[in-house]
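Undergrad:
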Amino acid sequence: MIPPEEDAEFVASMEAVLNLYQQPLDTDVPVVNMDEQSVALRGDTRDPHPAKPGQVKRVDSEYKRNGTAQLFIFTEALAGWRRVSVRERRTAVDWAAEVRVLLDEVYPLAKRIILVCDNLNTHNLSSLSKTFGTEEAERLCSRLEIVYTPKHGSWLNIAEIELSVLTRQCLCRRIPDIETLRRETKAWEKRRNSEAKQVDWHFTTDDARIRLKHLYPQY
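Counting in our numbering, the sequence shown runs from 8 upward without gaps.
#1: If you draw a straight line from the C-alpha of residue 131 to the C-alpha of residue 153, how long is it?
#2: In three-state DSSP terms, what is residue 124?
#3: Please state whether DSSP places residue 172 in a helix, a strand or coil.
#4: Tell me the DSSP secondary structure of residue 41 in three-state form.
#5: Considering only C-alpha positions, which residue in the set 91, 166, 28, 30 is nearest to residue 78?
#6: Determine the contact status of residue 43 and residue 127, defining contact as a CB-CB distance below 9 Å.
#7: What first and last residue would you give for the beta strand (DSSP E) that runs through residue 185?
#8: When the Cα atoms are used, what is the spatial distance from residue 98 to residue 46?
#9: Measure the beta-carbon distance from residue 169 to residue 34 and round it to whole angstroms, keeping in mind my assumption that it falls under 8 Å.
#10: Just to confirm my understanding: we take residue 211, look at its own chain, exclude 5 residues before and 5 after, and list those with CB closer than 7 Å. What are they?
#11: Look at the Cβ atom of residue 103, then the Cβ atom of residue 138, and state whether they are nearer than 9 Å.
Put into C-alpha cells, the structure is as follows:
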C-alpha cells in the first residue's frame, strides 16, 4: 500500500531499502530478505480419484482442517539462494532461532549480515536477548544489521516475491500435515537453489523520486 500523500517516514525507509538493492553482491556483507507466511493444513476426507486417460484427477471439495503451520523464508536475491523453514508458531522465540541459524550455520564466515524485513513486532533485536540472554544476543547482534521496509510497504521486500513463487509452485494443493509441508518446501528450495534463480529488481531510488513524487516532503 502506498500512502496517498506526503510521508517522510515512508520515503526514508523506502530509499534505505532501494539503495541496498542497488549495491553489488558482497559475500562479506550479504543482503538477505526474510518474510513469514501462515499455511493452512488440509487433508482429504475421501481418497482422490487418480487421473487416467481422458479424465483429470478428481478431488472431493470437502476437506479436513488440520490446523496451521508457519513458513519462514530467507533469500539472498543476488546470489540466487533461498531457505525455507517450517515451524508450528512464529513467535519472537521462533524468529530469534531462525536468525541464529542464519548467522551461525548459513553465513558463519560473513562479517555482517544485512537483514531486510517488515515491522512485525517480533522482528527486532530484543527478541534475541529474550530468547538467548544478553551475552549471546550481543554476539549475534554484532554481526546483524536490520533494515525495515516502510510500514504498509511490504511490497518492497524481495522475500514476498519468493513467497509468491513458493505459493504458486508448491502450496497450490492440499497439504495435510506439517511433515509433508517440510518435505515439499525443502524439495522446492533444493530445486530452485540448484537453478540459482534470481530476482531481477528494477525499481530504483531514481524511479521512486519520479513515480512517487507525491510522497516526498515539499520544501
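Cβ atoms here follow ideal geometry from the backbone N, Cα and C, with glycine treated the same way.
TA: Well, looking at it:
#1: Locating residue 131 in the sequence shown gives position 124, counting from the first residue. Locating residue 153 in the sequence shown gives position 146, counting from the first residue. Rounded to the nearest angstrom, the two C-alpha atoms are 8 Å apart.
#2: Numbered from 1 along the sequence shown, position 117 holds the residue referred to as residue 124. Looking at residue 124 - three-state DSSP - the assignment turns out to be strand.
#3: As a working mapping, residue 172 is identified with position 165 in the sequence shown. Note: residue 172 maps to helix in three-state DSSP.
#4: In the sequence shown, residue 41 corresponds to position 34, counting from 1. The answer is strand: DSSP assigns residue 41 an E or B state.
#5: As a first step, residue 78 is located in the sequence shown; it is residue number 71 there, counting from the start. Taking only the C-alpha atoms, the option nearest residue 78 is 91.
#6: In the sequence shown, residue 43 corresponds to position 36, counting from 1. In the sequence shown, residue 127 corresponds to position 120, counting from 1. Result yes, Cβ atoms of residue 43 and residue 127 sit closer than 9 Å.
#7: Here residue 185 is taken as the residue at index 178 of the sequence shown, counted from 1. Note, residue 185: premise wrong, no beta strand (DSSP E); alpha helix (DSSP H) at 185-201.
#8: On the sequence shown, position 91 is the one that residue 98 refers to. On the sequence shown, position 39 is the one that residue 46 refers to. Straight-line Cα distance between these residues: approximately 15 Å.
#9: Looking up residue 169 in the sequence shown gives position 162. Looking up residue 34 in the sequence shown gives position 27. The Cβ separation is near 20 Å, so there is no contact.
#10: Your numbering for residue 211 matches position 204 in the sequence shown. Only 25, 29 meet the Cβ criterion.
#11: On the sequence shown, position 96 is the one that residue 103 refers to. On the sequence shown, position 131 is the one that residue 138 refers to. Result yes, Cβ atoms of residue 103 and residue 138 sit closer than 9 Å.
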